[in-house]
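For what it's worth, the numbering used here labels the leading residue of the sequence shown as 29, then goes sequentially.
Structure first, commentary second.
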Amino acid sequence: MTDQPELESLRAQVREWMEANAPRDWRDASRTQEDFVATQRSWFAKLVEGGYAIPHWPAEWPGGGRSLAEQKVIYEELARIDAPRLLLSFVSTYHAYATLHECASPEQKAKYLPRILDGETWCQGFSEPGAGSDLAALKCKAVREVRDGKEVYVVNGQKVWSTMAQFADMCLLLVRTSSDGPKQAGITYLLMDMKTPGVSVSPIHQIQGDEEFAEIFLDNVVIPVEQRVGEEGNGWAYAQATLASERGLTLMELAYRMRGALSRVAELIRDNRLENDAGVLRDFGALVTQVDATCAIADRFLDNRIKGVERMGDASIVKNSYSRALRAYSLLGVRLGGMDEQYLKPITFGDLNTGNWMADFMNSYAWTIAGGSEEVQRNIIAERMLEMPREPKGWVL
């Protein structure tokens, strides 16, 4: 479905369903992590039932087989009605799905894909304290052994910045099985049950009070060889399927949500009787323009992907545009709120535009790092799009 009348018909259908089913009080119901998880699970189950949870999956799955243009319509409507973002299930429905769909055995697909729709939650065990941007430098070690007549991997090491790992049932785990040859060559991809003995999870407490990320510690964790994805030592290639699984819809949805949240800034201006303050109106106008530009950039990126046109670096432009707009949005809220915004207030878990301006402002810094820092994105734009000289290897300041 790509014709405009068909897309508008889909939009009307999705909008009607959202109006009838989207939770309206989800922020008040997400003031604790326990309530946040319950809200997320309930909303995901409802979306699965309605056929809007996994539009990017193949057609044989409920609501799957949607074109990128149709997916865009669905995410626009999710943003328009201000429904909860699917944070808890994101790794499951995108990263785990893409890895299983493209790289796993038929037995692994049959076992795990249906369980995702039943609410099984996955996390990602990729980054390590010494292997973030340089992921191939990971050191988490897996040794192949025979125990009780079965071949297994015994894993020791640590993972960090694993989103929602404290709530996960399964983990997409990258381990090192060999140190011979290039560092990418010795990486193996495993599927790990988080309830396996020796797995411990420590949430990372963030500056604004959330605990979106966690560390995973692996102490002699035994993982059966049949839980390996593909061949031993080919994990780096399989990881590319994981990392490429999200196709830009998330940033488009986030940009549209921020546009909708501009009403919170307008409300703050009215509450503080600043409607006639020329400086405030100037800054608000600049913010509206910046947010609109971010939405336009995200739209163009997705429209180009729908047409099959994409340049290396386009996604980096969208990423940097969004992170800068988010910083400007929350900073203006902090400024307009005055001293009232300096006091400790309850936060809403799982949201970036909560109206708790100080928490939103502090959280905005994460978006200049997560998914590739702003500096990394600038390098991609400079080197891949503008064809500027690459930074010399071994260069130091």
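Built from N, CA and C at the ideal position, the CB exists for glycine as well.
Source: prediction; values computed, not measured.
Determine the direct distance from the alpha carbon of Arg39 to that of Met29, and round the result to whole angstroms. Confidence at Met29 is low in this model, with a pLDDT of 47, below 50, so the placement of that residue is unreliable and no value is reported for it.
Alpha carbon of Gly404 to alpha carbon of Ser230, nearest angstrom: The identity of residue 404 in the sequence shown is Val, whereas the question assumes Gly. Approximately 28 angstroms, taken between the alpha carbons.
By DSSP's criteria, Gln186 is part of a beta bridge. Which residues make up the other side? Phe245
Closer than 8 angstroms by C-beta to Gly431: which residues in its own chain qualify, once you throw out the five before and the five after it? Chain order, please. It is not possible to answer for residue 431, since the shown part of the chain is limited to 29 through 425.
With a threshold of 8 angstroms on Cβ separation, who are the neighbours of Pro157 within its own chain once the five nearest residues in sequence on each side are excluded? Gln186, Val188
Is the beta carbon of Gly147 within less than 6 angstroms of some heavy atom of the ligand FAD? As presented, the structure is devoid of all ligands, the ligand FAD included, so that no description of it is given.
Would a C-beta distance cut-off of 7 angstroms place Trp71 and Pro112 closer than the cut-off? yes
Mind checking which residues open and close the alpha helix (DSSP H) that includes Met386? 385–392
Could you check the C-alpha separation between Leu372 and Glu104 for me, to the nearest Å? 33 angstroms
Taking the alpha helix (DSSP H) that Tyr140 falls in, what are its first and last residues? 134–145
Quick one: what does DSSP say Arg175 is sitting in, helix, strand or coil? strand
Helix, strand or coil, according to DSSP, for Lys100 in the structure here? helix
DSSP-derived helix/strand/coil call for Met29: Residue placement at Met29 cannot be trusted, given a pLDDT of 47 that sits under 50; what the coordinates show is reported in the next sentence. Reduced to three states, the DSSP call for Met29 is coil.
Can you name the start and end residues of the alpha helix (DSSP H) that Tyr278 belongs to? As written in the sequence, residue 278 is Thr, which differs from the Tyr given in the question. From DSSP, the alpha helix (DSSP H) with Thr278 extends over 277–299.
Going by alpha carbons, who is nearest to Ser133 out of Leu115, Tyr217, Thr121, Ala165? Tyr217
Given a cut-off of 7 angstroms, decide if Met280 and Ala326 are closer than it, judged by their beta-carbon atoms. yes
For the alpha helix (DSSP H) containing Tyr371, list its first residue and its last residue. From DSSP, Tyr371 is part of no alpha helix (DSSP H); its letter is neither H nor E.
Counting only runs that start and end within the region 299–332, where is the beta strand (DSSP E) found for 3 or more residues in a row? none
Straight-line Cα distance separating Ala356 from Thr317: 11 angstroms
Helix or strand or just coil, what does DSSP make of Cys131? helix
Beta-carbon within less than 8 angstroms of Asp320's beta-carbon, same chain only, minus the 5 sequence neighbours each way: which residues are those? Arg287
Please report how far the alpha carbon of Ile409 lies from the alpha carbon of Leu202, in whole angstroms. 28 angstroms
Assign Gln204 to one of three DSSP states: helix, strand, or coil. The sequence as given places Arg at residue 204; Gln does not occur at that position. If DSSP states are grouped into helix, strand and coil, Arg204 belongs with the strands.
For the region 381–395 and the region 286–302, state whether three or more C-beta atom pairs, one from each stretch, are separated by less than 8 angstroms. yes
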